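Take the sequence shown: its letters are residues 1 to 181, numbered as in full-length UniProt numbering.
What follows is a short report on a single structure.
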Amino acid sequence: MDKKIAVLVGSLRKESFNRKIANELIRLAPKTLKMEMVEIGNLPLYNEDLDINPPKEWTDFREIIQNSDAILFVSPEYNRTIPGGLKNAIDVGSRPPGKSVWKGKSGAVVTVSPGATGGLGSNHNIRQAVVFLDIPMMQQPEAYIGKVHELLREDGKTVIEKTETFLRDYMLAFEKWVNLF
Ligand code: FNR
């Protein structure tokens with residue numbers, strides 16, 4: 001059965017390596033996964049006071065997540081943890097109390113960095129936050145994409161063959177994972 005997958009990218013910059021890898025994950029995903037990139041850069045910073053009359057950006061975002069079956073996080077590491085923009089999106093989706101749109105979704109996380117450690121700290125901090133929000137996260141395979149600049153072809157957009165194989169296999173595992181729920 002087809003599944004709707006929301007893809008959240010933790011970087012807001014235009015030439016983001018993470019966005020490039022997210023686009024490749026979308027390209028390489030099995031056809032039963034209906035992948036949709038969901039933008040998070042326009043979300044006002046979470047403030048509990050605003051939930052009395054929430055901004056349209058929040059309600060639109062919450063609706064998109066609510067209508068998805070699963071979430072794929074693709075993120076850099078900022079100062080060894082989750083980039084603020086992505087944490088904000090996680091927080092926005094988690095509120096108001098009892099109305100979290102994350103509940104009932106499954107998920108996976110891919111972290112990407114030009115550094116050697118592939119965003120390990122961010123990867124595990126994203127897991128920590130969303131496990132609390134009741135998103136069962138795929139455990140294997142893990143995806144810490146380090147030295148990402150060495151994995152792109154000359155077009156600067158697509159990945160080299162061994163990375164393509166890894167990302168395709170990752171998405172096949174993710175398809176199996178989301179079909180468990
Ligand atoms: C970074 N970067 C970074 N890299 C890393 O591997 N571990 C880290 O802790 C950090 N910390 C960090 C903090 C801040 C504020 C910035 C802006 C950057 C470098 C980061 O991996 C690099 O800029 C990536 O290119 C960011 O991902 P995108 O934007 O290319 O997707």
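We put the beta carbon where it would ideally sit given N, CA and C, even for glycine.
On a predicted model such as this, the values are computed, not experimentally measured, just so you know.
Next on the checklist: Relative to the C-alpha of H149, which candidate in L120, F17, K176 has its C-alpha closest?
Outcome noted: Minimum Cα distance to H149 is reached at F17.
Checklist entry - Whose CA, out of L133, G119, N23, A173, lies closest to the CA of Y144? => result When each option's Cα is compared against that of Y144, the closest is G119.
Next on the checklist: In this structure, how does DSSP classify residue 191 when only helix, strand and coil are distinguished?
Outcome noted: A question about residue 191 goes unanswered here, because the residues of the chain that appear run from 1 up to 181.
Next on the checklist: Threshold first: 4 residues or longer. Then list the alpha helix (DSSP H) segments lying entirely within the segment 23-75, N to C.
Outcome noted: Listed in chain order, the complete alpha helix (DSSP H) runs (minimum 4 residues) inside the segment 23-75 are 56-66.
Item to check | Option nearest E161 by Cα separation, candidates L28, D2, K4, R13 | outcome: Comparing Cα positions, the closest option is L28.
Checklist entry - From what residue to what residue does the beta strand (DSSP E) around R107 run? => result In the sequence as displayed, the identity of residue 107 is Gly instead of Arg. For G107, the uninterrupted beta strand (DSSP E) run begins and ends at 106-112, by DSSP.
Checklist entry - Near the ligand FNR, which residues have their beta-carbon less than 5 Å from any of its heavy atoms, given in chain order? => result Working through the chain, the matches are S11, R13, S16, F17, N18, P76, E77, Y78, N79, R80, S113, G115.
Next on the checklist: Quick check on residue 192: does DSSP put it in helix, strand or coil?
Outcome noted: Summary: the structure shown does not reach residue 192, with the chain confined to residues 1 through 181, and so no result is reported for it.
Item to check | Reference D134, options M171, L172, G107, closest by Cα | outcome: The shortest Cα separation from D134 among M171, L172, G107 belongs to G107.
Checklist entry - Since I5 is in the beta strand (DSSP E), which residue starts that stretch and which ends it? => result Element bounds for I5: 3-9.
Item to check | Beta-carbon proximity check, A116 vs G146, cutoff 7 Å | outcome: When the beta-carbon positions are compared, A116 and G146 come within less than 7 Å of each other.
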